[in-house]
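In terms of my numbering, the sequence shown opens at residue 7 and continues consecutively.
Don't be surprised by glycine CBs; every beta carbon is placed ideally from N, CA and C.
Since the structure is predicted, the reported quantities are computational estimates derived from the model, not experimental observations.
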Amino acid sequence: MRKITGLFHFCLLVLSLSLSISQLSHAQELSAATDGQRPADATPQTQEYAGPVQLFDNFYYVGTTFVSAYLLVTDEGLILFDSLYNEFTAQLLQSVQELGFEPDDVKYVLITHGHNDHAGGSEEVREVSGARIAMSSADWAMLDQEVDLVFEDGDSLTLGDTTIKFYITPGHTPGVLSMQFPVRDGDEAHQAFLFGGHNVTSRVAENFEWFIDSVQRLQRDLPSDIAVNLTSHPWGALIFQRAEMLIQRQPGQPHPFVDQEDFVAFLNERLKNARQRLAALPNP
Ligand SMILES: [Zn+2]
7 MRKITGLFHF CLLVLSLSLS ISQLSHAQEL SAATDGQRPA DATPQTQEYA GPVQLFDNFY
67 YVGTTFVSAY LLVTDEGLIL FDSLYNEFTA QLLQSVQELG FEPDDVKYVL ITHGHNDHAG
127 GSEEVREVSG ARIAMSSADW AMLDQEVDLV FEDGDSLTLG DTTIKFYITP GHTPGVLSMQ
187 FPVRDGDEAH QAFLFGGHNV TSRVAENFEW FIDSVQRLQR DLPSDIAVNL TSHPWGALIF
247 QRAEMLIQRQ PGQPHPFVDQ EDFVAFLNER LKNARQRLAA LPNP
């Protein structure tokens with residue numbers, strides 16, 4: 007019954023999105039549209055909790071209409087990616103329970119970057135669950151919070167049957183933590199990549215230069231089999247639109263989140279976007 011209620015709310019949410027599914031006829035259009043998808047700036051008051059939505063057998067969206075959070079299930083507990091604004095922590099923890107888990111099953115909270123919409127609820131999640139909170143050292147330095155776990159470029163974390171590999175991708179913040187990990191669809195496993203900060207929100211040239219370097223580094227160093235694009239805000243990877251396609255999926259059809267070419271197109275589009283915006287900045 008809880009699942010049905012969640013699905014109902016999710017369907018309402020999808021209906022409320024202005025973008026029609028009929029516009030999304032193929033993958034190129036999905037990624038080419040990304041930057042234009044960004045809604046007006048949002049506060050806790052202008053977004054709603056939108057989870058849980060199952061994306062893979064071991065992976066759920068547990069974020070809001072504006073900010074992503076994800077839950078990864080391993081055979082030794084749960085890993086939460088981002089903790090949202092503190093205003094949503096109670097709903098986030100409730101959705102963990104709706105999925106049949108307990109809050110203290112959450113072993114790690116991996117924070118993509120130190121902004122409040124991603125890290126705001128982390129201390130409350132730790133108090134309730136006992137989970138370790140992880141971030142890069144550069145982004146821990148942004149917070150008035152006791153440092154817990156630090157991950158840097160090239161580090162990895164293994165919990166039970168699942169390993170997460172970390173990349174530091176500066177630009178959005180100095181220490182954006184991006185992550186690669188496997189998700190499962192039936193008998194198949196796919197490599198997913200969560201770009202922890204896929205845009206530059208300042209008008210500082212150096213931040214664009216960092217971001218461009220980060221994207222080029224990912225294009226150079228990421229394995230070629232990344233097939234699932236995830237972002238720290240849902241419009242970046244069209245999470246809700248793809249989730250709606252997943253609901254409509256018939257047996258034997260491909261999984262709408264699995265698309266290697268689209269991930270390549272996404273990185274190309276991010277690079278082009280950053281270069282254009284850098285070129286348009288006024289000269290110092
Ligand atoms: Zn941010």
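Taking the DSSP output, what are the residues bridged to Ile139?
For Ile139, DSSP records a beta bridge to Val115.
Beta strand (DSSP E) segments (min. 3 residues) lying fully within the stretch 50 to 133
Correct list: 59 to 62, 65 to 67, 76 to 80, 83 to 87, 112 to 116.
Any heavy atom of ligand 1 closer than 8 Å to the Cβ of His196?
Distance from the C-beta of His196 to the nearest heavy atom of ligand 1 is not below 8 Å.
Is Val221 closer than 9 Å to Thr175 when the C-beta atoms are compared?
The answer is yes: Cβ separation under 9 Å.
Ala96, buried or exposed, once every other Cβ within 10 Å from all chains shown has been counted against 16:
Classification of Ala96: exposed, given that the 10 Å Cβ count is below 16.
In the DSSP assignment, find the alpha helix (DSSP H) that holds Glu250 and state where it starts and stops.
That run of the alpha helix (DSSP H) goes 245 to 254.
Three-way DSSP call (helix, strand, coil) for Ala280 in this model:
In the three-state scheme derived from DSSP, where H, G and I count as helix and E and B as strand, Ala280 is classed as helix.
Residue span of the beta strand (DSSP E) that contains His184, given as start and end:
Here residue 184 turns out to be Ser, not His, going by the sequence shown. From DSSP, the beta strand (DSSP E) with Ser184 extends over 183 to 191.
Assuming His204 contacts Gly242 under a Cβ cut-off of 8 Å, what Cβ separation, rounded to an integer in Å, is found between them?
Under the criterion of beta carbons closer than 8 Å, His204 and Gly242 qualify as touching, at roughly 5 Å.
Buried versus exposed, by CB contacts within 10 Å (16 or more), Glu158
Exposed, since its Cβ has fewer than 16 Cβ neighbours within 10 Å.
Do you know how far the Cα of Asp167 is from the Cα of Asp88?
A direct Cα-Cα distance of roughly 21 Å separates Asp88 from Asp167.
Expressed to the nearest angstrom, what Euclidean distance is found between the alpha-carbon atoms of Gln53 and Gly126?
Here the alpha carbon of Gln53 sits roughly 15 Å from the alpha carbon of Gly126.
Over the uninterrupted beta strand (DSSP E) stretch that includes Ser162, give me the two end residues.
Its beta strand (DSSP E) spans residues 162 to 165.
Expected contact under 8 Å - CB spacing of Ser74 and Pro240 to nearest Å:
With 8 Å as the limit, Ser74 and Pro240 qualify as a contact, their Cβ atoms being about 5 Å apart.
Flag Asp123 as yes when its Cβ comes closer than 8 Å to any non-hydrogen atom of ligand 1, and as no otherwise.
The answer is yes for Asp123.
Helix, strand or coil for Val270, going by three-state DSSP, please let me know.
Helix.
Tell me where the beta strand (DSSP E) around Gln225 begins and ends.
For Gln225, there is no enclosing beta strand (DSSP E); the residue is part of the alpha helix (DSSP H) that begins and ends at 211 to 227.
Three CB pairs or more closer than 8 Å across the stretch 91 to 107 and the stretch 221 to 235:
As far as the Cβ criterion goes, the stretch 91 to 107 does not touch the stretch 221 to 235, which means the pair count is below three.
Based on the DSSP secondary-structure assignment, which residues constitute the bridge partners of Ala195?
For Ala195, which the question treats as bridged, DSSP gives the partners Arg190.
Residue burial classification, Ser230 (beta-carbon count within 10 angstroms, cutoff 16):
An exposed status is given to Ser230, since fewer than 16 other beta-carbon atoms sit within 10 Å of its beta-carbon.
Could you please give me the residues that DSSP links to Arg264 through a beta bridge?
Looking at the sequence provided, one finds Val at residue 264 rather than Arg. As a beta-bridge residue in DSSP terms, Val264 pairs with Val234.
On a CA-only basis, which of Phe72, Val79, Arg190, Ala140 is nearest Val182? Give me that one, please.
When Phe72, Val79, Arg190, Ala140 are compared, the shortest CA-CA separation from Val182 is found for Ala140.
Is it true that the CB of Lys171 sits closer than 9 Å to the CB of Arg138?
Not a contact, by the Cβ cut-off of 9 Å.
Within 10 Å of its beta-carbon, does Asp145 have 16 or more other beta-carbons around it, so buried, or fewer, so exposed?
Buried, because 16 or more other Cβ atoms sit within 10 Å of the Cβ of Asp145.
Just confirm the distance between the C-beta atoms of Gly160 and Ser184, as a whole number of angstroms; I'd bet it's less than 8 Å.
Actually they are not in contact, since the Cβ atoms of Gly160 and Ser184 sit about 12 Å apart, beyond 8 Å.
Using only the alpha-carbon positions, how far apart do Pro262 and Ser208 sit?
Answer to the nearest angstrom: the Cα atoms are 32 Å apart.
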